[in-house]
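J.: Number 532 in this note's numbering belongs to position 54 of the sequence shown; there are no gaps in the numbering. Each residue gets a CB set at the ideal place from its N, CA and C atoms; glycine is no exception.
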Amino acid sequence: MKLKMIFDYHTHTVFSHGKGSIEDNVKAAVEKGIKSIAITDHGPGHLTYGIKREAVKEMREEINRLKELYPEIEILLGVEANIVNKDNYIDISEEEAKEYDFVNAGYHYGVTNGYCIYNWLFEHGILKGSKRREKLSKRNTEMFLGAIEKNNIKILTHPGDKAPIDMEAVAKACAKKGVLMEISTHHSHLTVDEIKIAAKEDVSFVISSDAHNPERVGDFQGGIDRAVEAGLDLNRIVNILKED
Ligand SMILES: [Zn+2]
Ligand SMILES: [Zn+2]
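#1: Please list the terminal residues of the continuous beta strand (DSSP E) segment that includes D671.
#2: Could you tell me the alpha carbon to alpha carbon distance between L547 and E501, rounded to whole angstroms?
#3: For G584, list the residues DSSP reports as bridge partners.
#4: Hey, is H488's beta-carbon within less than 7 Å of any beta-carbon in chain C?
#5: Helix, strand or coil for T619 per DSSP?
#6: Given R531, which residues of its chain have a CB within under 8 Å of its CB, disregarding the five upstream and five downstream residues?
#7: So, with DSSP's three-state summary, where would you put D697?
#8: For a test of the three-state rule: what should DSSP assign to D703, helix, strand or coil?
#9: Skipping 5 residues on each side, what residues in its chain have a beta carbon closer than 7 Å to that of V534?
#10: Report whether the distance from the Cβ of G584 to the nearest heavy atom of ligand 1 is below 6 Å.
#11: So, for E679: in the same chain, excluding its five sequence neighbours on each side, which residues have a beta-carbon less than 6 Å away from its beta-carbon?
#12: Pull up the distance between the alpha-carbon of K497 and that of E693, whole angstroms please.
#13: Does the separation of the CB atoms of H636 and H667 fall below 7 Å?
#14: Relative to the alpha-carbon of H490, which residue among L719, G696, V706 and I718 has its alpha-carbon at the smallest distance?
#15: I believe I517 touches I551 by the beta-carbon criterion, under 8 Å. Please report the beta-carbon distance rounded to the nearest angstrom.
#16: Please list, following the chain, all residues that have a C-beta closer than 5 Å to any non-hydrogen atom of ligand 2.
#17: Just grab the DSSP bridge partners of H520 for me.
#18: Please state whether the Cβ-Cβ distance between K564 and N591 is less than 7 Å.
#19: Quick check: what's the CA-CA separation for E509 versus M621?
#20: At which residues does the beta strand (DSSP E) containing M726 begin and terminate?
#21: Taking the CB atoms as reference points, tell me whether I553 and A559 lie closer together than 7 Å.
#22: Determine the direct distance from the alpha carbon of Y587 to that of L525, and round the result to whole angstroms.
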């Protein structure tokens with residue numbers, strides 16, 4: 479059985495901290511036979527590599543130019559918003575969201591109001607213990623649930639990465655709102671165990687490259703490997719096509 483990636487809806491460019499241009503990512507996707515690609519640079523709330531809010535217009539214009547040059551592929555402008563513990567729980571307002579074709583959201587360090595220091599210290603083994611984990615997980619989960627509830631998120635990127643969460647509760651919320659849970663081939667999350675937990679809920683999955691350089695656009699094999707190991711029905715991964 480041959481598998482094919484239909485779309486890659488999580489890629490980065492020089493507009494955040496990716497290495498390639500928008501055109502580089504588009505070209506790479508065309509070469510791999512992908513039908514649709516999204517440019518999803520980091521949300522503006524990231525202190526070091528978030529997109530500049532004023533760059534969005536330039537990105538849109540560039541995508542419009544590339545649509546003419548590469549009619550064989552659909553090119554979308556998304557964003558990977560940062561999940562934060564403030565207002566609508568992401569760093570993209572409802573108004574700003576209209577500038578994009580869709581909004582992904584994920585948790586990252588380097589934002590304000592994201593419990594970043596505590597999560598970083600815990601993930602790096604400096605803060606330890608199950609009680610500490612429970613406490614962090616509780617408030618991280620509340621923040622994630624807020625983000626899912628209050629916004630129209632397409633993909634929850636690399637859930638479980640950089641911060642402990644209650645995967646069952648998050649998967650339930652994703653199922654309810656129709657948010658896709660990402661199996662990232664750039665990060666190790668969802669892990670095999672996390673896929674197993676999430677798969678108990680009525681949620682759909684997506685594999686993304688989260689490419690930070692054009693060569694990695696369309697990279698999906700590692701995600702398939704983890705999904706297979708977790709016993710996931712591959713029909714639940716919305717962007718992978720089985721070719722006989
Ligand atoms: Zn990310
Ligand atoms: Zn990313």
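T.: According to the data block:
#1: In the sequence shown, the residue the question calls residue 671 occupies position 193. For D671, no beta strand (DSSP E) segment is defined; the enclosing uninterrupted segment is the alpha helix (DSSP H) at V670 to A677.
#2: Translated into the one-based positions of the sequence shown, residue 547 becomes position 69. Translated into the one-based positions of the sequence shown, residue 501 becomes position 23. Near 10 Å, if we compare the C-alpha coordinates of E501 and L547.
#3: By one-based count along the sequence shown, residue 584 stands at place 106. According to DSSP, G584 bridges with N560.
#4: The chain labelled as chain C is not found in the depicted structure, where only one protein chain is given.
#5: Taking the sequence shown and counting its residues from 1, the one referred to as residue 619 is at position 141. Reduced to three states, the DSSP call for T619 is helix.
#6: By one-based count along the sequence shown, residue 531 stands at place 53. Apart from sequence neighbours up to five positions away, the residues of its chain that approach R531 with a beta-carbon distance below 8 Å are P522 and E574, ordered along the chain.
#7: For the purposes of this step, residue 697 is taken as residue 219 along the sequence shown, with counting starting at 1. In the structure shown, D697 sits in coil (DSSP, three-state: anything other than H, G, I, E or B).
#8: The residue given as residue 703 occupies position 225 in the sequence shown. Under the three-state reduction of DSSP output, D703 falls in the helix class.
#9: Along the sequence shown, one-based indexing puts residue 534 at 56. Short of 7 Å from the beta carbon of V534, and not among the five residues preceding or following it, lie these beta carbons of its own chain, in chain order: E577.
#10: Here residue 584 is taken as the residue at index 106 of the sequence shown, counted from 1. Result yes, Cβ under 6 Å from ligand 1.
#11: Position 201 of the sequence shown, counted from the first residue, corresponds to residue 679. A649, K650 and A653.
#12: On the sequence shown, position 19 is the one that residue 497 refers to. On the sequence shown, position 215 is the one that residue 693 refers to. Approximately 10 Å between the Cα atoms of the pair.
#13: Sequence index remark: in the sequence shown, residue 636 carries index 158 (1-based). Sequence index remark: in the sequence shown, residue 667 carries index 189 (1-based). Yes.
#14: By one-based count along the sequence shown, residue 490 stands at place 12. If we check each option's Cα against that of H490, G696 comes out closest.
#15: On the sequence shown, residue 517 is found 39 positions in, with the first residue counted as 1. On the sequence shown, residue 551 is found 73 positions in, with the first residue counted as 1. At roughly 12 Å, the Cβ-Cβ gap does not stay under 8 Å, so I517 and I551 are not in contact.
#16: Neighbourhood of ligand 2, defined by CB distance below 5 Å to any of its heavy atoms: E558 and D688, in chain order.
#17: If you number the sequence shown from 1, residue 520 lands on position 42. Beta-bridge pairing links H520 to E558.
#18: The sequence position of residue 564 within the sequence shown is 86, counting from 1. The sequence position of residue 591 within the sequence shown is 113, counting from 1. Yes.
#19: Translated into the one-based positions of the sequence shown, residue 509 becomes position 31. Translated into the one-based positions of the sequence shown, residue 621 becomes position 143. Cα to Cα, E509 sits roughly 39 Å from M621.
#20: No information on residue 726 is available, as it lies outside the stretch 479 to 722 that the chain covers here.
#21: The residue labelled residue 553 in the question sits at position 75 within the sequence shown. The residue labelled residue 559 in the question sits at position 81 within the sequence shown. No, the pair does not count as a contact, with Cβ atoms beyond the cut-off.
#22: The residue you call residue 525 lines up with position 47 of the sequence shown. The residue you call residue 587 lines up with position 109 of the sequence shown. Take the alpha-carbon of L525 and the one of Y587: they are about 9 Å apart.
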